[in-house]
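Student: Mapping the sequence shown onto our numbering, position 187 (from 1) lands on 187, and the numbers just tick up by one. Every residue gets a Cβ at the ideal spot worked out from N, C-alpha and C, and that includes glycine.
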Amino acid sequence: MITGRGSSTKRSRSVPTLLRLDSSAAGRKSVSRELTGVFTEAWRGEVVERDLHASPLPHLPDAALHYAPRLRTGDEKPGAAAERLQEQLVAELLAVDAVVIGAPMYNWSIPSTLKAWLDYVHVLGTTVPFDTQDQPLAGKPVVVLSSRGLEYGPGTPDEGKDHTLPPIVQILGVSMGMDVTALVADLTLAERLPPLAPLAGKARDSLAAAHEQARELAGKLSGAL
Ligand SMILES: Cc1cc2nc3c(=O)[nH]c(=O)nc-3n(C[C@H](O)[C@H](O)[C@H](O)COP(=O)(O)O)c2cc1C
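Shown next, in the form of structure tokens:
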């Protein structure tokens, strides 16, 4: 779905286009969706939306899709529909100027719906340089908005146990060369789980800071593109 900011819903070269990806299964109560919403509202340009939870991608159906066609062995023939879907997802990513990703922490990791998207777009020889120097997504900004029930920052008991952001940074940033910025909202379970109730104030501060940072970054990025 393409939504316009202001009165126009048409794609145009003069305004920057953002791809918004959501993956939370929590619907309206989702903190990561709230944050991608804040980011999108502050984006001065057009927005393409893909809801990976409401319209999940099939798990990668064939390992051959991890390789550009020229890097496949002769017997590797992924189905035409899967190839078309992959081409569409990669084209969507190439066409936009920036990406915002809602990335809730699920079991210390990323939702499988988001992992499926990463598996489709991380392609050796297409989006990742392998036998050439091409890195078509190099420098494209990606903002990852990660919500988690506990807290994982420096000095906290669970420091080092966040396995949500590291794979996203590795895949999109290190491997695909995109310019990744991560913002987090911590302790989102403080209102739900009684033992965490004393941390409710800290949770509110974390969310307020994430709102402000998301708004500021969206304005800055869309103004600079
Ligand atoms: C399936 C599932 C697994 C979760 N696993 C963790 C976890 O490992 N660590 C954690 O801190 N919070 C965990 N949570 C809490 C979520 O990270 C938290 O509710 C967060 O706000 C989810 O993002 P959302 O609000 O956008 O849905 C989990 C929640 C769900 C639904």
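Can you list, in chain order, every residue whose CB sits closer than 5 Å to a heavy atom of ligand 1?
Tutor: S24, A26, S30, V31, S32, P104, M105, Y106, N107, W108, S147, R148, G149, L150 and T188
Student: Exposed or buried, which one is W108 when buried takes at least 16 other CB atoms within 10 Å?
Tutor: exposed
Student: Would you decide whether Q86 is buried or exposed? Buried here means 16 or more other CB atoms lie within 10 Å of its CB.
Tutor: buried
Student: Could you give the distance in angstroms between the alpha-carbon of V142 and the alpha-carbon of K77?
Tutor: 32 Å
Student: Can the beta-carbon of G102 be found closer than 8 Å to that of L21?
Tutor: yes
Student: Go through its chain and collect everything with a Cβ distance to L52's Cβ below 8 Å, but skip five positions before and after it.
Tutor: L21, D22, S23, P111, T113, L114, A116 and W117
Student: Around the Cβ of T36, are there at least 16 other Cβ atoms within 10 angstroms (buried) or fewer (exposed)?
Tutor: buried
Student: Classify E159 as buried or exposed, calling it buried when 16 or more other Cβ atoms lie within 10 Å of its own Cβ.
Tutor: exposed
Student: Rounded C-beta distance between F39 and A209? I'm assuming under 8 Å.
Tutor: Between A209 and F39 the Cβ distance is about 14 Å, and since that is not below 8 Å, they are no contact.
Student: What did DSSP end up calling Y152 once you bin it into helix, strand or coil?
Tutor: coil
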